[in-house]
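For any residue, its number in my numbering is found by taking its place in the sequence shown, counting from 1, and adding 153. Comments concern the structure below.
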Amino acid sequence: MIFTVDTSIQAEEDLREIFEYISFRLLSPENAAKQLERLESQILSLDKMPERFPRYGKEP
154 MIFTVDTSIQ AEEDLREIFE YISFRLLSPE NAAKQLERLE SQILSLDKMP ERFPRYGKEP
(Lines of atoms letter the chains of each structure in order from A and count residues from 1; the text may use other names and numbers.)
(Lines give C-alpha, C1' and ligand atoms only; values in the text may rest on other atoms or scores of the structure.)
Protein backbone atom coordinates (compact mmCIF):
# COMPACT_ATOMS: atom_id res chain seq x y z
CA MET A 1 0.00 0.00 0.00
CA ILE A 2 1.30 3.45 -0.89
CA PHE A 3 0.60 6.41 1.35
CA THR A 4 0.81 10.14 0.77
CA VAL A 5 3.32 12.16 2.76
CA ASP A 6 2.19 15.66 3.65
CA THR A 7 4.66 18.09 5.15
CA SER A 8 3.44 20.88 7.37
CA ILE A 9 4.37 24.50 6.85
CA GLN A 10 6.32 24.28 10.12
CA ALA A 11 8.32 21.30 8.81
CA GLU A 12 9.16 23.18 5.62
CA GLU A 13 10.26 26.22 7.63
CA ASP A 14 12.40 23.99 9.85
CA LEU A 15 14.11 22.49 6.80
CA ARG A 16 14.78 25.97 5.44
CA GLU A 17 16.26 27.05 8.77
CA ILE A 18 18.50 23.97 8.87
CA PHE A 19 19.69 24.73 5.34
CA GLU A 20 20.36 28.38 6.14
CA TYR A 21 22.20 27.55 9.36
CA ILE A 22 24.56 25.09 7.67
CA SER A 23 24.98 27.25 4.60
CA PHE A 24 25.46 30.68 6.16
CA ARG A 25 26.46 30.17 9.80
CA LEU A 26 28.72 27.20 9.22
CA LEU A 27 29.73 28.53 5.79
CA SER A 28 29.16 25.21 4.07
CA PRO A 29 26.60 25.64 1.28
CA GLU A 30 27.52 22.37 -0.44
CA ASN A 31 27.02 20.43 2.78
CA ALA A 32 23.76 22.29 3.40
CA ALA A 33 22.43 21.22 0.01
CA LYS A 34 23.46 17.60 0.60
CA GLN A 35 21.86 17.52 4.05
CA LEU A 36 18.64 19.06 2.76
CA GLU A 37 18.51 16.51 -0.06
CA ARG A 38 19.13 13.67 2.42
CA LEU A 39 16.39 14.87 4.79
CA GLU A 40 13.85 15.45 2.02
CA SER A 41 14.60 12.04 0.53
CA GLN A 42 14.00 10.31 3.86
CA ILE A 43 10.81 12.26 4.53
CA LEU A 44 9.35 11.56 1.11
CA SER A 45 10.30 7.87 1.26
CA LEU A 46 7.81 7.42 4.10
CA ASP A 47 5.12 6.89 1.46
CA LYS A 48 6.47 3.37 0.85
CA MET A 49 7.31 2.32 4.41
CA PRO A 50 5.49 4.58 6.89
CA GLU A 51 5.93 2.20 9.83
CA ARG A 52 9.55 3.37 10.23
CA PHE A 53 8.40 6.36 12.26
CA PRO A 54 5.34 6.99 14.44
CA ARG A 55 2.49 8.87 12.88
CA TYR A 56 2.19 12.48 14.00
CA GLY A 57 -1.10 13.19 15.72
CA LYS A 58 -3.30 16.18 15.17
CA GLU A 59 -1.92 19.49 16.32
CA PRO A 60 -3.55 21.00 19.41
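Note that beta-carbon positions come from the ideal geometry of N, C-alpha and C, so glycine has one too.
**Request:** Taking only runs that begin and end inside the stretch 166-213, name each unbroken alpha helix (DSSP H) of 4 or more residues, in chain order.
**Result:** Segments of the alpha helix (DSSP H) lying fully in the stretch 166-213: 182-197.
**Asked** What's the call for A164, buried or exposed, on a 16-neighbour Cβ count within 10 Å?
**Response** For the purposes of this step, residue 164 is taken as residue 11 along the sequence shown, with counting starting at 1. Classification for A164: exposed.
- Is I155 helix, strand or coil when you go by DSSP? Here the question's residue 155 lines up with position 2 in the sequence shown. Correct three-state label for I155: coil.
Which value, in whole angstroms, describes the spacing of the CA atoms of A186 and F156?
Translated into the one-based positions of the sequence shown, residue 186 becomes position 33. Translated into the one-based positions of the sequence shown, residue 156 becomes position 3. Rounded to the nearest angstrom, the two C-alpha atoms are 26 Å apart.
| field | Close-in-space but distant-in-sequence residues of the same chain around R191 (CB under 8 Å, 5 per side omitted) | value | Stepping through the sequence shown from its first residue, residue 191 is reached at position 38. Within the same chain, no residue comes within 8 Å of R191 by CB-CB distance, once the 5 residues on both sides are set aside.
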